[in-house]
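Residue 413 in our numbering sits at position 43 of the sequence shown, with consecutive numbering throughout. Here a beta-carbon is modelled for each residue, glycine too, at the ideal position from N, C-alpha and C. Everything numeric in this text was worked out from a predicted model, so none of it was measured. Okay, so here's the structure we're looking at.
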Amino acid sequence: APIEAQGLNIGMPNTLYLAEYHPLFVDFFRRLGHRVTLQAPNAKAMDVGKRLINSDFCAPMVMTHGLVAELADADVDLLFMPAMINEQSLLDDLDQEETFISKNRDGYFCYYSEYAPIIVKQLTGLDLGDKLLAPKIKLNNRPAETAADEVAAQLANHLPNAESDIKTAFLHALRTFRD
């Protein structure tokens, strides 16, 4: 049987930064032999999101809550929603990572987006149990190897793949995504 048939089914909401970055993560999980269920935005998810949250969030955050709820009810083994802190700046290629306190470019995501997995995990009306995979990912002016090491270390205890395979898959997927 193909390795993909033996892999996990990973759910992913196609919202916030994942609207742009889902090709990276779909490729990453497929390289590891897993299937990906990409949940597209829809009116029902927006209604569900409105009922779930008890705060005044923007429409993309409301949609995120609804899509996560749909995935929680779907036949997925894990729900992937990384905490994307920053992305590679298109303006500067600095020698090192630009720390948040000294940043003068917008390579960072909105605060709510950055911490969406933590916010979603705290919802009292939604029990995700151990399904949520939420690695913290920083890509701005950092070597791809460093980001891959961190992703692999954070996911190694949650995926059946070896940490070295996770790192290799992330590196290849990131390079493909950036090309």
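Asked: Segment contact, 8 Å Cβ cut-off, at least three pairs: the segment 415-433 with the segment 442-449; Found: no
Asked: Residue burial classification, residue 516 (beta-carbon count within 10 angstroms, cutoff 16); Found: exposed
Asked: Start-to-end residues for the alpha helix (DSSP H) that takes in residue 450; Found: Here residue 450 belongs to no alpha helix (DSSP H); instead the beta strand (DSSP E) covers 448-450.
Asked: Status (buried if at least 16 other CB within 10 Å, exposed otherwise) for residue 439; Found: buried
Asked: Residue 434 in three-state terms, based on DSSP; Found: helix
Asked: Stretch-stretch touch, CB-based, cutoff 8 Å, three pairs: the segment 535-542 with the segment 394-402; Found: yes
Asked: Closest by C-alpha distance to residue 392, when choosing among 452, 486, 443; Found: 452
Asked: Per-residue DSSP class, three states only, for residue 501; Found: coil
Asked: Contacts around residue 549, its chain only, beta-carbon distance under 8 Å, and the 5 residues preceding and following it disregarded; Found: none
Asked: Cβ-based neighbour list, residue 490, same chain, cut-off 8 Å, excluding 5 preceding and 5 following; Found: 434, 435, 438, 451, 496, 498, 502
Asked: Cα-Cα separation between residue 527 and residue 390, rounded to whole angstroms; Found: 27 Å
Asked: Where the alpha helix (DSSP H) containing residue 524 begins and where it ends; Found: 514-525
Asked: Three-state secondary structure assigned by DSSP to residue 402; Found: coil
Asked: Rounded separation between residue 379 and residue 512 - CA only; Found: 30 Å
Asked: Close Cβ partners of residue 408 (< 7 Å) along its chain, the five nearest in sequence each way excluded; Found: 382, 384, 392, 396
Asked: Residue 489: first and last residue of the uninterrupted alpha helix (DSSP H) it sits in; Found: 486-491
Asked: Supposed contact pair residue 540 and residue 522 - C-beta distance, whole angstroms, cut 8 Å; Found: 7 Å
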